[in-house]
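Here is the structure we will look at.
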Ligand code: MG
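Numbering (the numbering used here), first residue to last: 2 to 386.
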């Protein structure tokens, strides 16, 4: 049988060390108060049924902003006294399990909460902690006075979870003697407390630099949760020379002149290839296939396009759409567009309705208008899969 689980969040302190001139639990962290974020971590956890927050008596009115499902209880001068006030409030309709948590640990991962609950199947109490890794010194007056053995030492975090009746009785028995945390109270009452893996994200915001670190972590989360959709742009020009055809977007188009270039001079395909490199922010064709390298002389431009697509895949992206406009007076592009879409789509693994090929003249203006060459401009849209 699953037992009702209550979260008891302690936020009655008036800690001003985090700066800002207001208690740290009411300071704003990336648009929401620290305490709101802490409450949210438990509200969004599927196993947590009820939330009680212990507030400083002067701040009890602010409890409403935490949400209508939160019961706010006035706390006491000490942390232990505040925990006891919260436990007494819960005792009216006692849950099976209580998770006692610091209001200043807003980034507690759901995994940590789950692990604590799971460990309570087999233990009276359970709490997250991290092994001490740094060397430990004693010091005085700016000097190291000794080195302590760090083996077997843990940095305690919260939520500290207990069977409700057991921790309630333990707190009542302890009375007003101060304790480091609820685990100390539990152990004094003979309860066994399991250690579950803590998390560096579950930091307790105490000093100004903790605040900055928490904000940084949230920003990293935001950046990684925004879909990574990118657009790259390409532009290319090739000059007319002798010949009887041009290659445009992979299609041979008969024409009284040819296009000059180191490769097959496919100005349309080069443009799309550069747009893909652009979306990936990985240079351009010239960097990947230097014109000075004789092996690309007369090369079919599909080598370049396939390389760009492979690089996109390697970086976790899918090309979802390309659009290119060819700028020339002649040859006439329109009749060849379906073949160009089909060939570009085949090379990139795209349906033709995601391959746009258009053409325009430049009204006889400029180098394209004088039929000295063909220009192309285009975009590629890539989505991180
Ligand atoms: Mg080119």
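For glycine and all other residues, C-beta sits at the position ideal for the given N, C-alpha and C.
What did DSSP end up calling residue i once you bin it into helix, strand or coil?
i	result
residue 290	coil
residue 358	strand
residue 159	coil
residue 366	coil
residue 109	coil
residue 266	coil
residue 236	strand
residue 179	coil
residue 222	helix
residue 98	strand
residue 120	helix
residue 2	Interpretation of residue 2 is limited by its pLDDT of 49, a score under 50 that renders its predicted location unreliable; no figure is taken from the coordinates.
residue 207	coil
residue 151	coil
residue 192	coil
residue 228	coil
residue 374	strand
residue 271	helix
residue 352	coil
residue 346	helix
residue 245	coil
residue 379	strand
What I want to know is whether the C-beta of residue i ends up closer than 7 Å to one or more non-hydrogen atoms of the ligand MG.
i	result
residue 229	no
residue 239	yes
residue 271	yes
residue 379	no
residue 113	no
residue 247	no
residue 268	yes
residue 262	yes
Quick check on the burial criterion: 16 or more other C-beta atoms within 10 angstroms. Buried or exposed for residue i?
i	result
residue 54	buried
residue 116	buried
residue 25	buried
residue 251	buried
residue 45	exposed
residue 344	buried
residue 247	buried
residue 303	buried
residue 108	buried
residue 264	buried
residue 66	exposed
residue 162	buried
residue 83	buried
residue 288	exposed
residue 85	buried
residue 103	buried
residue 160	buried
residue 143	exposed
residue 309	buried
residue 224	exposed
I'd like the list of long-range same chain contacts for residue i, defined as Cβ closer than 8 Å, with 5 residues on each side in sequence excluded.
i	result
residue 228	384 and 385
residue 313	277, 280, 281, 319, 320 and 383
residue 2	Low local confidence applies: a pLDDT of 49 at residue 2 is under 50, so the model's placement there is unreliable, with the coordinate-based value given in what follows. Taken in chain order, the list of residues that qualify is empty.
residue 220	31
residue 371	365
residue 106	39, 158, 159, 203, 204, 205 and 206
Quick one: residues in its chain with C-beta nearer than 7 Å to the C-beta of residue i, no 5 flanking neighbours on either side, listed in chain order?
i	result
residue 239	260, 261, 262, 266, 268, 374 and 375
residue 356	323, 342, 345 and 346
residue 133	151, 154, 155 and 156
residue 368	374
residue 297	263, 264 and 290
residue 136	148 and 151
residue 363	328, 369 and 370
residue 179	79 and 81
Return the chain-ordered list of same chain residues with a C-beta closer than 6 Å to the C-beta of residue i, the five sequence neighbours on each side being excluded.
i	result
residue 334	327 and 360
residue 300	264
residue 139	146 and 147
residue 124	193 and 195
residue 34	27
residue 126	163, 187, 192 and 194
residue 378	236 and 326
Using beta carbons (cut-off 8 Å, strictly below), is residue i in contact with chain B?
i	result
residue 198	The chain inventory of the structure shown lacks chain B, comprising one protein chain alone.
Residue ranges of each alpha helix (DSSP H) within the stretch 4-77, 4 or longer: 35-44
Continuous beta strand (DSSP E) assignments of at least 3 residues falling wholly in the stretch 123-148: 126-132 and 137-141
Those runs of the beta strand (DSSP E) which lie wholly inside the stretch 300-341 and span at least 3 residues: 318-328
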